[in-house]
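Numbering (my numbering), first residue to last: 37 to 246.
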Amino acid sequence: MENPKQSMFAKPWVQSITGIIVLSLLSLGFVYFKSTSSYINVEDSMVSAPVISISTETSGILDEVYVKAGDEVTDGEPLARVGSEILKSKINGTIIYTSDTPGQVFNSSQPIIKMINPEDLRIVGTVKENSGLSKIVIGDPVYFTVDAFAGERYTGIVDEISETSKDTSVVFSISDKREVKEFTIKVRYNTSLYKKFKNGMSAKIKVYKI
């Protein structure tokens, strides 16, 4: 004997309505996902690492420079000579600047060589306080791009959020509008995978909120 329920569901008009309902539910699910997932754009960003300056302890004449920009050096490796003083690397890192003026007199406040540790490279961005800063937390997932490598997208996480604005001065004004402050965020990524990034390259960040 034919089951009335099976017979009813076999009818074309019932199948059509069922299909419409399923598609509607899928569409609603997609809209819900989009509404609960958002991102914060950070356009003003760059690849950056702390710069280590190598200087002489006392004033003297720069006699020799043993390295050039782009060289990889090891901790303790000789980099330059000023009189009888040998300037040595303080870390394993990459040279990003050298003075090309042997014979010039340098004092202790003038860097002769600058270097970075590539493992310390981060994507550093500037976020205005009224442009989603309060929503960003450490550990947020990030997609970022680097201008030098158009069409490629990379992943990372928010590693640091500055505790103070870039401009800490107080500006008094009779206007209702206050100056908008800017804060720095840092994005950590796998530096061993992306050794092609160089200190100072321009970048863009999207911080995703789910």
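We put the CB at the ideal spot given by N, CA and C, even for glycine.
**Message:** Looking at the secondary structure, which residues open and close the beta strand (DSSP E) in which ASN77 lies?
**Reply:** 74-84
**Item:** Pairwise C-alpha distance: TYR75 and GLY106
**Value:** Computed Cα separation, rounded: 36 Å.
**Secondary structure of ALA184, DSSP reduced to three states** = Three-state result, ALA184: helix.
**Asked** Going by Cα to Cα distance, which pick from GLY192, THR130, GLN140 is closest to PRO177?
**Response** GLY192
**Request:** Output the distance between the C-alpha atoms of ASP183 and ASP80, rounded to the nearest integer angstrom.
**Result:** The alpha-carbon atoms of ASP183 and ASP80 are separated by roughly 12 Å.
**Item:** Sub-7 Å separation of ASP195 and ARG224 beta-carbons
**Value:** yes
**Request:** Indicate whether VAL163 and ILE246 have their beta-carbon atoms separated by less than 7 Å.
**Result:** no
**Message:** Given this structure, state the Cα-to-Cα distance separating SER89 from TYR179, to the nearest angstrom.
**Reply:** Taking the straight line joining both Cα atoms gives about 31 Å.
**Prompt:** What are the start and end residues of the beta strand (DSSP E) that includes TYR133?
**Reply:** 129-134
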